[in-house]
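Quick note: the sequence shown uses numbering that gives the first Met the number 0, first residue 0, plus one each step.
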Amino acid sequence: MQKILNRLENLKKKYPIYNNFFDFYGKILITRKNFSKPKIERNLKINEEFPLLENFKIDLEHAQGLFFVLCQNLKDIKEIKSQIEKIENYYLKHPDELKKTFKDFFKKGIDNFLLKFLIFHSLKPSLEECMKIVKDKIKDINWIKGCCPICGHYPYMAILKKDGKKFVKCTFCSYEWQIERIFCPFCGQRDHEKIKYFEVEEEPGYRVYVCDECKRYLKTVIEDTENIFDLELEDITTIHLDIIAEKAGYKRLEL
């Protein structure tokens, strides 16, 4: 945990313009990692076809507890304090509505950006626990698609291993699976003339793969030139790469 804190502090000094961003995501990540683990029943109903899990089991008591701790910790950020207090006060007065909002996240989504992130990160530990329960069932399959075999969502980041193999991590449940090096997980494009990458000289150890077919991009960590603490942390700390990619006309696939 101290490594995460140190990494964020160093980046705040290097990129002071993004301090609010680092504070926001840093608090979310650290709060989640310090919170207790959810209790998920191990006899999950598994689909005969992929994705394996259509309905994730959620520890609602755990998610509710984490939600309010996240609200409490994020109120330290003055730019969003009033918004957080408004959200927190509403759900403290209407606890049953919070359960409904958790369910709405799966059924129809949530429009409010800040609330969506609070809900998602409150649910994230349960989603990851479900993934851990079923992942051994697919360890021997040859999965070549760009979507997650467990939940059907797409990746948010990749890692290029020392042996040349490329792995991606699911946005939703955090499952990692191998993909081809020249492959767009979002549209399936394999043409090397349409799949390119760029690097930033000041940031060795990272590549951003872009697809000229669907105009999506995927940030990638190169394992042999960077000490990797956590891909989720790497995603937070490389916001400047997102900005460069978006200025070039590429878009990130959002949850």
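Note that beta-carbon positions come from the ideal geometry of N, C-alpha and C, so glycine has one too.
Taking the Cβ atoms as the reference, residue 37 lies roughly 5 Å from residue 124, within the contact range of under 8 Å. By the Cβ neighbour-count rule, residue 186 is exposed, with fewer than 16 other Cβ atoms within 10 Å of its own. Straight through space, the alpha carbons of residue 213 and residue 248 are spaced by roughly 11 Å.
Residue 164 places its beta carbon 8 Å or farther from that of residue 149. Taken through DSSP and simplified to helix, strand or coil, residue 84 comes out as helix.
Residue 17 and residue 238 have their C-alpha atoms spaced approximately 8 Å apart. With distances taken between CA atoms, residue 22 lies nearest to 76 out of 2, 62, 216, 76. Residue state for residue 215 is assigned as strand, using DSSP reduced to three classes. Under the criterion of beta carbons closer than 8 Å, residue 234 and residue 218 qualify as touching, at roughly 7 Å. For residue 16, there is no enclosing beta strand (DSSP E), as DSSP marks it with neither H nor E. Taking a contact to require three or more Cβ pairs closer than 8 Å, the stretch 190-201 and the stretch 157-171 do not qualify as touching. By the CB criterion at 8 Å, residue 51 and residue 137 fall inside the cutoff. Annotation for residue 231: 28 place their beta carbon closer than 7 Å to its own, counting only its chain and skipping 5 residues before and after.
With respect to residue 82, residue 113 sits close: the two C-beta atoms are nearer than 8 Å. Linking residue 40 to residue 48 through their CA atoms gives a straight-line distance of about 21 Å. The shortest C-alpha to C-alpha distance from residue 56 to any of 65, 105, 96 is the one to 105. DSSP, read as helix, strand or coil, puts residue 94 in helix. For residue 188, the secondary structure class from DSSP, reduced to helix, strand or coil, is coil. By the CB criterion at 8 Å, residue 174 and residue 130 fall inside the cutoff. CA-CA distance, residue 54 to residue 201, rounds to 43 Å.
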